[in-house]
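Right, one structure below, let's go through it.
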Amino acid sequence: MRKLLFVLPLVLFWACGQKGNVSIEGKIDNAEGKTLYLDHLHVASTSTVDSVKLDKEGRFEFDLNLTQPEFYLLRLSNGKLLTLLAEENDKMLVYSKAENMNKKYIVEGSKGSKLVKQINDTLNVTKAKVAAIRKQLEEKKNDADFSTVSQNLVAEYIEAIQAQRKFSIDFIMQNATSLASYMALYQKIDEDTFTLNENKDIQFVKIVASSMRALYPEHEYTKAILANYKTLEKRMSNLNIAKMIKEKGASFPEIKLPDTNGKDVALSSLKGKFIVLSFWASQDPNSRKQNKTLKKIYDKYKSKGLRIYQISVDQDEELWKKAIKEDKMNWTNVCDPENGSSYAVRLLNVQRVPANYLIDQRGEIVGKDLFARRLEEKVAEYVK
Numbered sequence: 404m405r406k407l408l409f410v411l412p413l414v415l416f417w418a419c420g421q422k423g424n425v426s427i428e429g430k431i432d433n434a435e436g437k438t439l440y441l442d443h444l445h446v447a448s449t450s451t452v453d454s455v456k457l458d459k460e461g462r463f464e465f466d467l468n469l470t471q472p473e474f475y476l477l478r479l480s481n482g483k484l485l486t487l488l489a490e491e492n493d494k495m496l497v498y499s500k501a502e503n504m505n506k507k508y509i510v511e512g513s514k515g516s517k518l519v520k521q522i523n524d525t526l527n528v529t530k531a532k533v534a535a536i537r538k539q540l541e542e543k544k545n546d547a548d549f550s551t552v553s554q555n556l557v558a559e560y561i562e563a564i565q566a567q568r569k570f571s572i573d574f575i576m577q578n579a580t581s582l583a584s585y586m587a588l589y590q591k592i593d594e595d596t597f598t599l600n601e602n603k604d605i606q607f608v609k610i611v612a613s614s615m616r617a618l619y620p621e622h623e624y625t626k627a628i629l630a631n632y633k634t635l636e637k638r639m640s641n642l643n644i645a646k647m648i649k650e651k652g653a654s655f656p657e658i659k660l661p662d663t664n665g666k667d668v669a670l671s672s673l674k675g676k677f678i679v680l681s682f683w684a685s686q687d688p689n690s691r692k693q694n695k696t697l698k699k700i701y702d703k704y705k706s707k708g709l710r711i712y713q714i715s716v717d718q719d720e721e722l723w724k725k726a727i728k729e730d731k732m733n734w735t736n737v738c739d740p741e742n743g744s745s746y747a748v749r750l751l752n753v754q755r756v757p758a759n760y761l762i763d764q765r766g767e768i769v770g771k772d773l774f775a776r777r778l779e780e781k782v783a784e785y786v787k
């Protein structure tokens, strides 16, 4: 019965004439005299687009013209707020109370906003559970049986966190085409705890980013998540590379690319030698400068087992071959046929040239991006 009373006054607004293609109407109880703001929620800021001073009935109406989904906040002058996801042709009806506007409200006529509410409601339940567990841990820390009690409470804490993570993942998989999934990706249980782990759950960032790029390529949230994914991908690649370098026995992945004669040459063909795996471009001045250093080191140590496997990311094959001749590069030279998007370049996250990896006689990575004196010192350490 009570819920019917909530909805009934909202239905009365439905027939009102609209100026934009999105309407947000509703009623905020116990808010007489307070100002209600409609804020556009950007990636890193908010901007107020409209406001109204509420009378004793607490009714309000806002109109928007949208061509793509956007996040908005309904914000009271007392600081309470709730988040909406407005989409083209939404006829939104919202009911809440001033004292708990951010936790208890009803929204109809907007699929996106209902998804946002589902996300926030679930997170609020998890936050309450976590807060209760932490309170119990604090209260019982001096009890004689604290060790046993704490184990049980920690287990409950982990269970709550895992349940929230599962919800977020399921939500994203079921609603990847909604901007609401962006919110699900970045929710936090507290200041230090995200519901999803940036490193562990990068695949879900990729899913949402790919969906948003396809649907809303110019949206600010699309640009933000693509930039975030690129950063995470680079971080993961660097972590994997660092792990390979640190772990004894870590071997380098196979690479096979065509040389100047079009014949595929495998990195593994140099197995048993100390290898400088180098990335370069003929039109890059720093790469050409590095070639002079490589030439000097190669001539000095090739008889002792040094080998160079050099990958060009050139687009122009003739410029590549011309540079090889000019720089007198008499070692293995291959070219990436996919303009820097090959398996090798992607796997090793080569962001700029020149770049290099050093591989010892056992196939283990022993260095990365060493140049000039530091490069020769490392070569001399392994080639004697």
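Going from the sequence shown to this note's numbering is simple: count from 1 and add 403. All C-beta atoms in this analysis are idealised placements derived from N, C-alpha and C, irrespective of residue type, glycine included.
field: Under 7 Å between C-beta atoms of Glu490 and Gly512
entry: In this structure, Glu490 keeps its C-beta atom at 7 Å or more from the C-beta atom of Gly512.
Distance CB(Asn481)-CB(Lys506) smaller than 7 Å: Not in contact: Asn481 and Lys506 (Cβ atoms no closer than 7 Å).
query: Helix, strand or coil for Thr529 per DSSP?
result: Of the three classes helix, strand and coil, the one that applies to Thr529 here is helix, per DSSP.
- request: Measure the alpha-carbon distance for Asn742 versus Lys520 and round it to whole angstroms.
  value: Low confidence applies here, because Asn742 scores a pLDDT of 49, under 50, leaving its location unreliable; read the following figure in that light. When rounded, the distance between both Cα atoms is 45 Å.
- prompt: Taking the DSSP output, what are the residues bridged to Asp763?
  reply: None; Asp763 has no bridge partner.
- request: Provide the residue span of the alpha helix (DSSP H) that contains Trp723, from first to last.
  value: For Trp723, the enclosing alpha helix (DSSP H) stretches over residues Glu720 to Glu729.
query: Expressed to the nearest angstrom, what Euclidean distance is found between the alpha-carbon atoms of Lys456 and Asn523?
result: Roughly 27 Å separates the two Cα atoms.
message: Report the CB separation of Tyr585 from Tyr624 in whole angstroms; it is logged as a contact under 8 Å.
response: The Cβ separation is near 5 Å, so the contact holds.
field: Every unbroken beta strand (DSSP E) within the segment 467-531, with a cutoff of 3 residues, ordered by chain
entry: Complete beta strand (DSSP E) runs here, min 3: 473-479, 484-489, 494-500 and 508-511.
- request: Confirm, please, whether the CB-CB distance from Glu779 to Ile658 is below 7 Å.
  value: Contact: no.
field: From Glu562, Gln590 and Leu556, residue whose alpha carbon lies closest to that of Ser571
entry: Residue nearest to Ser571 within the set Glu562, Gln590 and Leu556 is Gln590 (criterion: CA-CA distance).
message: Within 8 Å, do at least three Cβ pairs link the segment 450-464 to the segment 423-436?
response: The segment 423-436 makes contact with the segment 450-464: 3 or more CB pairs, one atom from each, lie closer than 8 Å.
message: Please identify the residue among Val452, Ile714, Ser706 and Asp667 whose C-alpha is closest to the C-alpha of Gly685.
response: At residue 685 the sequence reads Ser, which differs from the Gly that was named. Considering only alpha carbons, the answer is Ile714.
- request: In the DSSP assignment, find the beta strand (DSSP E) that holds Ala783 and state where it starts and stops.
  value: Here Ala783 belongs to no beta strand (DSSP E); instead the alpha helix (DSSP H) covers Ala775 to Tyr785.
message: Could you check whether the segment 491-506 touches the segment 552-568, counting it as contact only if at least three pairs of C-beta atoms, one from each stretch, sit closer than 8 Å?
response: Two segments are said to touch when three or more pairs of C-beta atoms, one from each, lie closer than 8 Å; by this definition the segment 491-506 does not touch the segment 552-568.
field: Local conformation of Gln713 per DSSP, three classes
entry: In the three-state scheme derived from DSSP, where H, G and I count as helix and E and B as strand, Gln713 is classed as strand.
query: Is DSSP giving Pro661 helix, strand or coil here?
result: Note: Pro661 maps to strand in three-state DSSP.
Three-state secondary structure (DSSP) of Asn742: Per-residue confidence for Asn742 stands at a pLDDT of 49, beneath the threshold of 50, marking its modelled position as unreliable; no derived number is given.
Three-state secondary structure assigned by DSSP to Val425: If DSSP states are grouped into helix, strand and coil, Val425 belongs with the strands.
field: Beta-carbon separation (whole angstroms), Phe677 vs Gln764, contact threshold 8 Å
entry: The pair is a contact, with the Cβ atoms about 6 Å apart (cut-off 8 Å).
- request: Using the Cα positions of Trp734 and Leu444, report the straight-line distance between them to the nearest angstrom.
  value: Each residue's Cα considered, the two are about 56 Å apart.
query: In whole angstroms, what separates the C-alpha of Ala758 from that of Lys771?
result: Computed Cα separation, rounded: 8 Å.
field: Spatial distance of Asp453 from Leu487 (CA atoms)
entry: Rounded to whole angstroms, the gap between the alpha carbons of Asp453 and Leu487 is 15 Å.
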